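Visitor: At position 30 of the sequence shown (counting the first as 1) the number is 30 in UniProt numbering, and the numbers step up by one without a gap.
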Amino acid sequence: MARRARIVVVGAGFAGLAATKELARTGALVTVVDRNPYATFQPLLYQVATAGMSTADVSYPIRTFAARWPNVRARRRRCTGAGCGCGSAARSRRWSRTRWC
Ligand SMILES: Cc1cc2nc3c(=O)[nH]c(=O)nc-3n(C[C@H](O)[C@H](O)[C@H](O)COP(=O)(O)OP(=O)(O)OC[C@H]3O[C@@H](n4cnc5c(N)ncnc54)[C@H](O)[C@@H]3O)c2cc1C
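(1) Where does Pro43 sit, in a helix, a strand or coil, going by DSSP?
(2) Just to confirm before moving on: does the CB-CB distance between Val32 and Ala18 stay below 8 Å?
(3) What's the call for Ala74, buried or exposed, on a 16-neighbour Cβ count within 10 Å?
(4) State the Cα-Cα distance for the pair Lys21 and Ala51, rounded to the nearest angstrom.
(5) Take every Cβ of the segment 63-70, pair it with every Cβ of the segment 40-49, and state whether three or more of those distances are shorter than 8 Å.
(6) Tell me which residues share the same chain as Thr40 and place their Cβ nearer than 7 Å to its Cβ, disregarding the 5 neighbours each side in the sequence.
(7) Measure the beta-carbon distance from Cys79 to Val10 and round it to whole angstroms, keeping in mind my assumption that it falls under 8 Å.
(8) Near Ile62, which residues of its chain fall below 7 Å by C-beta distance, leaving aside the five closest residues on each side in sequence?
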């Protein structure tokens, strides 16, 4: 049986979420890692600053995003240097959506 690719995406910003979406469609096992548990739609931050919108209107839980695909999981971690410790978890034989790396 062919092994599925295991990929760690660091950062759940515009680029990270777009990459995760495309990779998920290929069937790869994707771990998206961000220092925050939410993604922020930055172009609308000025609306929050001027009290036109609430923070909940411009942010979105990364776990809710990940839940759209069975092969995507979200982890909250601040990556430092070359690694954030999620690579070994992504490579481990047993891939779990609920296990933290
Ligand atoms: C106020 C404001 C208004 C803007 N308006 C517009 C606009 O109108 N039109 C437009 O095209 N662009 C606009 N931009 C720019 C646009 O938001 C950025 O170009 C875009 O968000 C960049 O996407 P990105 O994925 O590269 O980075 P980001 O969206 O910044 O995502 C980076 C992610 O990586 C995470 N991260 C960073 N470091 C670490 C770490 N060490 N460990 C773990 N996670 C980490 C962060 O938490 C973040 O979620 C605006 C930006 C701002 C701030």
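Beta carbons are placed, not taken as given, at the ideal position from N, Cα and C, and that holds for glycine. These numbers were taken from a predicted model, which means no experiment stands behind them.
Guide: Put simply:
(1) In this structure, Pro43 counts as helix in the three-state DSSP scheme.
(2) Not closer than 8 Å, so no.
(3) Buried.
(4) Linking Lys21 to Ala51 through their CA atoms gives a straight-line distance of about 31 Å.
(5) The segment 63-70 is not in contact with the segment 40-49.
(6) If we look at Thr40 and ignore the five residues flanking it on each side, its Cβ neighbours are Val58, Ser59.
(7) Distance from Cys79 to Val10 at the Cβ level is roughly 5 Å; contact confirmed, criterion being Cβ atoms closer than 8 Å.
(8) Excluding residues within five positions, the ones whose Cβ falls inside 7 Å are Ala12, Val32, Asp34, Pro37, Tyr38, Ala39, Ala74.
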